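Residue numbers (this note's numbering), protein chains in the order written: chain V, 1 to 170; chain L, 1 to 170; chain G, 1 to 252. For each residue, glycine too, the CB sits at the ideal point set by N, CA and C. Predicted model only: the values in this text are computed from it and were never measured. Here's the structure, in C-alpha cells; my notes come after.
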Amino acid sequence: MESNEERSVQDPKALVEAALFISSDPVPRSELIDLAGTPEDELDFIIEEIEDDLAAEDRGLRLVENNGNYQLRVKRFILPRVKYLAPHQDISRGVLRTLSVIAYNSPVLQKEVIDIRGNGAYDHIDELISRGFVTSKQEGRTKLLAVTQDFLDYFGLDGTEDLRKGEDLI
Amino acid sequence: MESNEERSVQDPKALVEAALFISSDPVPRSELIDLAGTPEDELDFIIEEIEDDLAAEDRGLRLVENNGNYQLRVKRFILPRVKYLAPHQDISRGVLRTLSVIAYNSPVLQKEVIDIRGNGAYDHIDELISRGFVTSKQEGRTKLLAVTQDFLDYFGLDGTEDLRKGEDLI
Amino acid sequence: MNEGLEDGQLTSRLSDRDRINSVTLSSPYWQDILDQYASYEDPWEISVVEMARDFQRQLAELQDEDFELSGRMVVSCAVLLRVKAQELGERSEGGEEEEFDEYIEPDFLAYEEFDDEKFVPTLEVPVKRINRRAVTRDELERAFEDAARVYRRREKRRDEEPELEDPDWGIDLDDGEDFHVRLQRLFRKVKKKWSQGKKVLFSTLLNRESREEKFDTFLELLHLQSEGKINCKQEEPFSDILIEVGKDDDGE
Numbered sequence: 001m002e003s004n005e006e007r008s009v010q011d012p013k014a015l016v017e018a019a020l021f022i023s024s025d026p027v028p029r030s031e032l033i034d035l036a037g038t039p040e041d042e043l044d045f046i047i048e049e050i051e052d053d054l055a056a057e058d059r060g061l062r063l064v065e066n067n068g069n070y071q072l073r074v075k076r077f078i079l080p081r082v083k084y085l086a087p088h089q090d091i092s093r094g095v096l097r098t099l100s101v102i103a104y105n106s107p108v109l110q111k112e113v114i115d116i117r118g119n120g121a122y123d124h125i126d127e128l129i130s131r132g133f134v135t136s137k138q139e140g141r142t143k144l145l146a147v148t149q150d151f152l153d154y155f156g157l158d159g160t161e162d163l164r165k166g167e168d169l170i
Numbered sequence: 001m002e003s004n005e006e007r008s009v010q011d012p013k014a015l016v017e018a019a020l021f022i023s024s025d026p027v028p029r030s031e032l033i034d035l036a037g038t039p040e041d042e043l044d045f046i047i048e049e050i051e052d053d054l055a056a057e058d059r060g061l062r063l064v065e066n067n068g069n070y071q072l073r074v075k076r077f078i079l080p081r082v083k084y085l086a087p088h089q090d091i092s093r094g095v096l097r098t099l100s101v102i103a104y105n106s107p108v109l110q111k112e113v114i115d116i117r118g119n120g121a122y123d124h125i126d127e128l129i130s131r132g133f134v135t136s137k138q139e140g141r142t143k144l145l146a147v148t149q150d151f152l153d154y155f156g157l158d159g160t161e162d163l164r165k166g167e168d169l170i
Numbered sequence: 001m002n003e004g005l006e007d008g009q010l011t012s013r014l015s016d017r018d019r020i021n022s023v024t025l026s027s028p029y030w031q032d033i034l035d036q037y038a039s040y041e042d043p044w045e046i047s048v049v050e051m052a053r054d055f056q057r058q059l060a061e062l063q064d065e066d067f068e069l070s071g072r073m074v075v076s077c078a079v080l081l082r083v084k085a086q087e088l089g090e091r092s093e094g095g096e097e098e099e100f101d102e103y104i105e106p107d108f109l110a111y112e113e114f115d116d117e118k119f120v121p122t123l124e125v126p127v128k129r130i131n132r133r134a135v136t137r138d139e140l141e142r143a144f145e146d147a148a149r150v151y152r153r154r155e156k157r158r159d160e161e162p163e164l165e166d167p168d169w170g171i172d173l174d175d176g177e178d179f180h181v182r183l184q185r186l187f188r189k190v191k192k193k194w195s196q197g198k199k200v201l202f203s204t205l206l207n208r209e210s211r212e213e214k215f216d217t218f219l220e221l222l223h224l225q226s227e228g229k230i231n232c233k234q235e236e237p238f239s240d241i242l243i244e245v246g247k248d249d250d251g252e
C-alpha cells in the first residue's frame, strides 16, 4: 500500500502532515519549520495548501491553529458521528458546568460560583484546581478563581474572550 | 478554516477518513460500512481512493489493513523524522523486547525465549500471538515460535533474513 | 424534585394576589409579561397552572381573534417553568445538576426578555485523540539489544554469585515487568487448580524446571502468603510445598 518506501528526499508538506497526524497535542509552528526545513513563509504556504485540501467535501479533517500551535481535528459536523471511536472523555458533567461558570466569568469570586452552582461546587473547584484547569487566590474572605493556560490549551481556546464572544468551543 | 460547516449530508469518504483519524485502534471494516452507510463494494472503492490519495508524494500517511481492520499510519520512511512527537507506541517495551528475541531467532523454541526473557514473557507471547505477530506450533514438550507475514508487513521487511541474527544468545 | 411536591401543593403555595390578571394576558404588549415576572422575587409566587387556565379562558373569549398570542404564551410559561425548576433544584440539591436546561432550545434561552445573568452555556469537552504510533525497525533492533543486555547481565550475576546474594532474584526490573501482574497470574493459576479440587503443589505451578523460574515462583508465593491469599505447607524439609487458598478467597 505504500510506494517509494526508500525515498530519501522528503516532501516538506508530507512531513508537516505526518507531524500533525502523529502528535496527539498541538504542534508548535517553530517545530514544523524545523521539521520541514523550510523558511517561515514556505511553511505558511504549506499550511495554506493543507487547509485547501481539507476544505474538500470528501475530506473529514480540518486544521486548527491556536497561539501558533497547529492541530488536525475532525470536522465539526462529522465529529458527532465518529467521536464514539475516541477514548472516553474524563470530565463529569457537574464538574464541567462548574468549570463553564468559572471560565465564562474568569476571574470570578469563589462565592459567586457557589451562589450559582451550589455547595457541591466546592468539590468541583478542588478537582479543577488539582487538574490544573483553575487557579485560586485568597481575596478577602473568599477566593478569586481563574482558568489557566492549561485550560485554554485543553479546550483549544486563545483566551476566555473567545467564550464571551459566544464562539464555538471546539 | 472550515467551510460548509453546517452541511447535513456527509460524504462517506470524509466519514471514513474522520473515523480512521480519531480512533486509537484499527477500525473494523464492518464499522466503516455502518458508519459510511454504503454497501461493501462502495467502501472498497472509498478505501482505494484514500490509498490513491495517500500515495502522492506530498502526503505523509498510508492506509494499513490487517485482518479486515483499517488504520492510518505515518509513512515508514517519514516515521523516524516525526516519531519524537508521539510518546505512545503501540507495542509496550517488555512485549517489544520479547518480540525482538523471537524475531531475531525465528523460528525459536518458546523455552529458549523464556530462558532469555523470564517468565513474564509467557504473557508477552500470548499478546504477540493474539496481535498476529507470532505463531506457535507444538514441538515436543515446548512450542516453536515464529514471526508472521503481519510482523514483516508492520516493520516493512521482506523476510527475517533482513534481521541481524541473534544466535549468540541461544 | 425530591421534595415530593404535588402539582396541587405547588398551586396552593401561590397566593391569588400574584396571579397574572386577565388584563395582562389580553394585552397586545406581551413583552411586558416577562418584565412582570422579573419583578417577582420568588418565582414560586407565580402559578403556571393558574396562568395557563386564565389564558385558556381568555382564548375561549377571544374565539378566532388573535392566535399569535398562543405561541408567546407557551414561551412565557416555559421561561417561568425553567426559573422555577432551577430554584427547586437549588433548594433540593444545593444547586447540583440542573438537568432541565438540556431540553431547552438555545434560541429560547436567547429570548430577548429572558434576562438571566447567571446563565452560561456548558463548555464542550474536546474529543481528545490518543495516537499510538507504530514501532520502527530501529526500535525493534534496540529492543533486542536491551533484551540481550539484560539477559547477559543476569547470566553474569548467576555465574558470579551462585549463592543468590543478588537481591534481584530474577525479577527483571529493567524490563518494566509488573510484579503485581505476575502475582495475579500465579494466584489465578493456584485458584483454578484449587477450585478443581486438585492438590496444589509447588512443582505443578512450574512450566519448566529452571532454577530461575523456581525462585521467581517461590518469591511470588511468599508474597501471596504474606497478603493472606494462600497458605504454604511443607511436610518435611526439601519436600514439595503444598498450597492452600486462604479462607477469604475460598470458593471464589
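- Per DSSP, G:CYS77 has no beta bridge partner at all.
- Note on geometry: alpha-carbon atoms of V:SER92 and V:GLY156 lie some 19 Å from one another.
- In the pairwise beta carbon analysis, the segment 60–78 of chain V is classified as not touching the segment 24–42 of chain L: fewer than three pairs are separated by under 8 Å.
- Across the segment 121–140 of chain G, CB contacts with chain V closer than 8 Å involve PRO121, THR122, LEU123, GLU124, VAL125, PRO126, VAL127, LYS128, ARG129, ILE130, ASN131 and ARG133, in sequence order along the chain.
- The beta carbon of V:VAL27 sits closer than 8 Å to the beta carbons of ALA19, LEU20, ASN69, TYR70 and GLN71 from its chain, once the five residues preceding and following it are set aside; these are given in chain order.
- With respect to the C-alpha of V:LEU15, the residue from L:PRO12, L:GLU161, L:ALA56 and L:GLY37 having the closest C-alpha is L:ALA56.
- When only Cα atoms are considered, L:GLU127 and V:ASN105 end up about 50 Å apart.
- About 17 Å separates the beta carbons of G:ASP216 and L:ARG97, which is beyond the 8 Å limit, so they are not a contact pair.
- Counting only the Cα atoms, L:ILE114 lies some 17 Å from G:VAL181.
- Pairing G:ASP240 with G:PHE202 gives a Cβ-Cβ distance under 8 Å.
- Chain order gives the chain L residues near G:ALA147 as ARG97, SER100, VAL101, ILE116 and ARG117, where near means a beta carbon separation below 7 Å.
- Cβ-Cβ separation between V:SER100 and G:THR122: approximately 5 Å, consistent with a contact (criterion under 8 Å).
- With at least 16 other beta carbons inside 10 angstroms of its own, V:GLU17 counts as buried.
- Within chain L, not a single residue places a beta-carbon under 8 Å from that of V:SER136; the smallest gap is close to 30 Å.
- Not flagged as an interface residue toward chain L: V:ILE129, since no C-beta distance is shorter than 8 Å.
- Against chain L, the beta carbon of V:LEU15 has neighbours under 9 Å at GLY60, ILE78, ARG81 and VAL82, listed in chain order.
- Neighbours of L:ALA86 in chain G, taken as residues at a C-beta separation under 7 Å, are given in chain order as ASN131 and ARG133.
- Shown here, G:LEU206 sits in coil according to DSSP, grouped into three states, outside any helix or strand.
- Chain order gives the chain G residues near V:ILE91 as VAL125, where near means a beta carbon separation below 8 Å.
- Annotation: the continuous alpha helix (DSSP H) that includes G:ALA147 extends over 137–160.
- About 6 Å separates the beta carbon of V:ALA86 from that of G:ARG129, a gap short enough to meet the 8 Å contact definition.
- Setting aside the 5 residues that flank it on each side, V:GLU49 is surrounded in the same chain by LYS13, each with a C-beta closer than 8 Å to its C-beta; the list follows chain order.
- By the neighbour-count criterion, in which a residue is buried when 16 or more other Cβ atoms sit within 10 angstroms of its Cβ, L:ARG117 is buried.
- Look at G:VAL127 here: in three-state DSSP terms it is coil, with no helix or strand label.
- For V:ARG62, the enclosing beta strand (DSSP E) begins and ends at 61–66.
- By the rule that beta-carbons nearer than 8 Å mark a contact, G:SER239 does not touch chain L.
- In the same chain as L:THR142, and ignoring 5 residues on each side of it, the C-beta atoms closer than 7 Å to its own belong to LEU109, GLN110 and LYS111, in chain order.
- For L:LEU144, DSSP records a beta bridge to L:LEU109 and L:LYS137.
- Shown here, L:LEU157 sits in coil according to DSSP, grouped into three states, outside any helix or strand.
- If you look at L:GLN71, you'll find it in the beta strand (DSSP E) that goes 69–74.
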